[in-house]
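191 is the number that our numbering gives the last residue of the sequence shown; the numbers go up by one with no jumps. Even glycine gets a Cβ: it sits at the ideal position worked out from N, Cα and C. Right, one structure below, let's go through it.
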Amino acid sequence: MYSFNKGEETVTKRYAHLLPEVQAAINAIDASQHKTKQSKEKTMTGQMLYSPVSINNAFKSELGETNWAPVKVFCEYPTTYYLDDYKIRAKLKGAFREMDFVKEKLGIEVQFGKYSFMVYNVCAKMTIFRNLGHIDCGIEIVPVKTFALEMSSGVSYFEQLVWDLESRGVADIDIPVLILGIDA
8 MYSFNKGEET VTKRYAHLLP EVQAAINAID ASQHKTKQSK EKTMTGQMLY
58 SPVSINNAFK SELGETNWAP VKVFCEYPTT YYLDDYKIRA KLKGAFREMD
108 FVKEKLGIEV QFGKYSFMVY NVCAKMTIFR NLGHIDCGIE IVPVKTFALE
158 MSSGVSYFEQ LVWDLESRGV ADIDIPVLIL GIDA
């Protein structure tokens, strides 16, 4: 567990009643049921790996049972900065951002993907959703390194995210985020 910008203090103070739901969802997921992806990568051909898609679906099911729901925000991107000839070709309809789960202004992102998505979730997406009035703090659920090693290559992990956040420091626009590293 890592507290970014007083994430642990803020989440436990404001949302102590929701933390048992989050913990129950984590504990209810049997990782062995999600080791379903057969690797096609050269370094691990044929090896069975944990499927991030399957694990994410398990979180949707578990958290959905206690009324955690995604929040989707449609984006209207500006074209005022385009050169005139590009405006004609620009197709910007249908763009959106989505928070995995929100309940009572507590946002949760479950990330078993590339490193850049973890940093984006904590340092950009959660701030955007706070600015839009959907959340006031967040929880980021990520694998620890030993778990990530049994997924496709390139999956980031808790230890890496913590190092970067500590090295980056906290900016005045950052929101409190509790980062939970989980293992199989």
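As assigned by DSSP and simplified to three states, the class of residue i
i	result
residue 177	coil
residue 108	strand
residue 147	strand
residue 158	coil
residue 83	coil
residue 215	Any answer about residue 215 is impossible in this case: the structure gives the chain only from 8 up to 191.
residue 189	strand
residue 163	coil
residue 35	helix
residue 25	coil
Backbone CA spacing between residue i and residue j [nearest angstrom]
i	j	result
residue 73	residue 150	23 Å
residue 25	residue 147	14 Å
residue 75	residue 110	5 Å
residue 11	residue 184	5 Å
residue 120	residue 59	7 Å
residue 132	residue 138	10 Å
residue 8	residue 71	23 Å
residue 160	residue 46	10 Å
residue 14	residue 29	15 Å
residue 164	residue 54	20 Å
Beta bridge counterpart(s) of residue i as assigned by DSSP
i	result
residue 45	55
residue 115	108, 146
residue 9	186
residue 78	106
For residue i, the first and last residue of its enclosing alpha helix (DSSP H)
i	result
residue 123	122-127
residue 14	14-21
residue 73	That residue, residue 73, is in no alpha helix (DSSP H); it is neither H nor E in DSSP.
residue 134	133-138
> Counting pairs of Cβ atoms below 8 Å between the stretch 51-71 and the stretch 33-41, do you hit three or more?
Replying inline: Judged by Cβ distances under 8 Å, the stretch 51-71 makes contact with the stretch 33-41, as three or more pairs qualify.
> Can we say the stretch 169-185 touches the stretch 16-24, given the rule of at least three CB pairs closer than 8 Å?
Replying inline: They touch, by the three-pair rule.
>> Taking 8 Å as the cut-off, does the stretch 134-146 touch the stretch 41-49 (at least 3 CB pairs, one atom from each stretch)?
In response: Contact between the stretch 41-49 and the stretch 134-146 is absent: fewer than three C-beta pairs spanning the two stretches fall below 8 Å.
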